[in-house]
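Going by the numbering used here, the residue at position 144 of the sequence shown is 159; the numbering climbs one at a time, nothing skipped. We put the CB at the ideal spot given by N, CA and C, even for glycine. These notes are about the structure you will find just below.
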Amino acid sequence: KEELDIPIHLHSHATSGMATTALLKAVEAGVDIVDTAISSLSLTTSHPPTESIVAMLKETERDTGLDLDLLAEIAAHFARVRRKYARFESGMFGVDVRVLRYQIPGGMLSNLVSQLRAQNAEDKYEEVLAEVPRVRAELGYPPLVTPSSQIVGTQATLNVLLGERYKVIPKEVKDYIRGLYGRPPAPIDPEVKRKAIGDEEPIDCRPADLLEPGMPKAWEEIGHLARNEEDVISYALFPQVARPFLERRTRGSDGKEPVVAAIAGLLLKRLKEQAAAAPTGPVVSPWKTSWRPGAGRWWSLIEGAGGLR
16 KEELDIPIHL
26 HSHATSGMAT
36 TALLKAVEAG
46 VDIVDTAISS
56 LSLTTSHPPT
66 ESIVAMLKET
76 ERDTGLDLDL
86 LAEIAAHFAR
96 VRRKYARFES
106 GMFGVDVRVL
116 RYQIPGGMLS
126 NLVSQLRAQN
136 AEDKYEEVLA
146 EVPRVRAELG
156 YPPLVTPSSQ
166 IVGTQATLNV
176 LLGERYKVIP
186 KEVKDYIRGL
196 YGRPPAPIDP
206 EVKRKAIGDE
216 EPIDCRPADL
226 LEPGMPKAWE
236 EIGHLARNEE
246 DVISYALFPQ
256 VARPFLERRT
266 RGSDGKEPVV
276 AAIAGLLLKR
286 LKEQAAAAPT
296 GPVVSPWKTS
306 WRPGAGRWWS
316 LIEGAGGLR
């Protein structure tokens with residue numbers, strides 16, 4: 016706060032058991048915003064409970080003004096919602112102090128579990144945890160936040176599952192080494208760089224300067240269905256989900272079809288494409304599993320049940 020004149024926003028996961036204390040100390044130091052989760056969706060790889068922070072700050076100069084009784088009603092609602100989606104839970108409960116040893120943030124930890132479960136390799140969890148800091152060091156110590164956490168985690172997973180380090184290097188790792196995700200904090204291991212991109216030199220400019228403007232193309236492709244700029248942005252970010260939604264809206268659909276059905280259809284299509292094109296050995300993509308737990312269960316859910324219910 017002494018160095019910056021912009022709002023400071025603290026985001027922390029509860030995996031190590033230290034996040035609630037960290038948020039409280041940050042509040043005492045003058046932080047502007049802290050991230051929490053309603054209690055029924057909190058802790059482990061999620062955030063500290065909203066209600067706990069509200070109670071801690073009650074009748075202090077940083078009192079949030081939030082009503083604990085109303086928060087209790089919200090928590091009860093989402094406890095019921097969570098039970099509906101129990102099949103997608105990561106299976107991680109309580110405090111996991113291994114994150115202190117391996118320096119792995121909570122969001123990345125749940126992603127690793129999902130990737131291993133998708134490959135029926137949960138028994139390799141400890142090996143992958145140990146491999147993550149090695150890969151991170153060799154890639155120049157990228158910060159373990161999205162998307163670089165998925166890049167590091169996926170490479171570590173492949174190294175363990177295939178039994179040979181860097182036998183397979185995903186496109187995202189190669190692009191990172193090329194500099195397309197920015198400049199790494201430290202030098203990349205020369206041997207890893209050689210395996211990934213050969214004699215090619217990383218870019219020495221701002222990665223975004225190499226991109227063609229995306230909005231004109233998006234307007235051209237979806238403008239006839241868009242009502243405003245937000246629709247076009249949605250299409251630019253999620254084209255395979257946004258287009259069916261906008262088409263249904265234009266046809267006058269009642270809107271009751273859940274968005275998750277469109278996502279499920281997209282997942283099924285991608286899974287089938289990957290299965291058809293898969294090389295021998297396990298294949299893990301961070302973009303297939305980074306945003307949801309239990310990825311390996313979606314195939315049977317969608318095919319066996321005729322869609323998500």
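- Under the DSSP assignment, residue 172 falls in the alpha helix (DSSP H) whose first and last residues are 163-177.
- The residue from 196, 150, 154 with its alpha-carbon nearest to that of residue 174 is 150.
- Here residue 109 is exposed: its Cβ has fewer than 16 other Cβ atoms, across all protein chains shown, within 10 Å.
- Between residue 146 and residue 117, the alpha-carbon positions lie close to 9 Å from each other.
- Assigned with DSSP and collapsed to three states, residue 34 falls in helix.
- Sequence-distant partners of residue 64 (beyond 5 residues in either direction) whose C-beta falls short of 8 Å from its own C-beta, in its chain, are 35, 51, 52, 53, 54, 57, 58.
- Residue pairing from DSSP places residue 24 in a beta bridge opposite 48.
- Non-local C-beta neighbours of residue 47 in its own chain, meaning closer than 7 Å and more than five positions away in sequence, comprise 22, 23, 24, ordered along the chain.
- Under the three-state reduction of DSSP, residue 64 is assigned to strand.
- DSSP, read as helix, strand or coil, puts residue 195 in strand.
- About 7 Å separates the beta carbon of residue 70 from that of residue 83, a gap short enough to meet the 8 Å contact definition.
- Rounded to the nearest angstrom, the gap between the Cα atoms of residue 115 and residue 127 is 16 Å.
- Relative to the Cα of residue 140, the nearest Cα in the group 154, 44, 185, 105 belongs to 105.
- Between the C-alpha atoms of residue 99 and residue 86 there is a straight-line separation of about 20 Å.
- In the assembly as shown, residue 238 is an exposed residue. Its beta-carbon has fewer than 16 other beta-carbons within 10 Å.
- Cβ-Cβ distances below 7 Å link residue 123 to 159, 164, 168 in the same chain, with the five nearest sequence neighbours on each side left out; the list follows chain order.
- Collapsing the DSSP output to three states places residue 265 in a helix.
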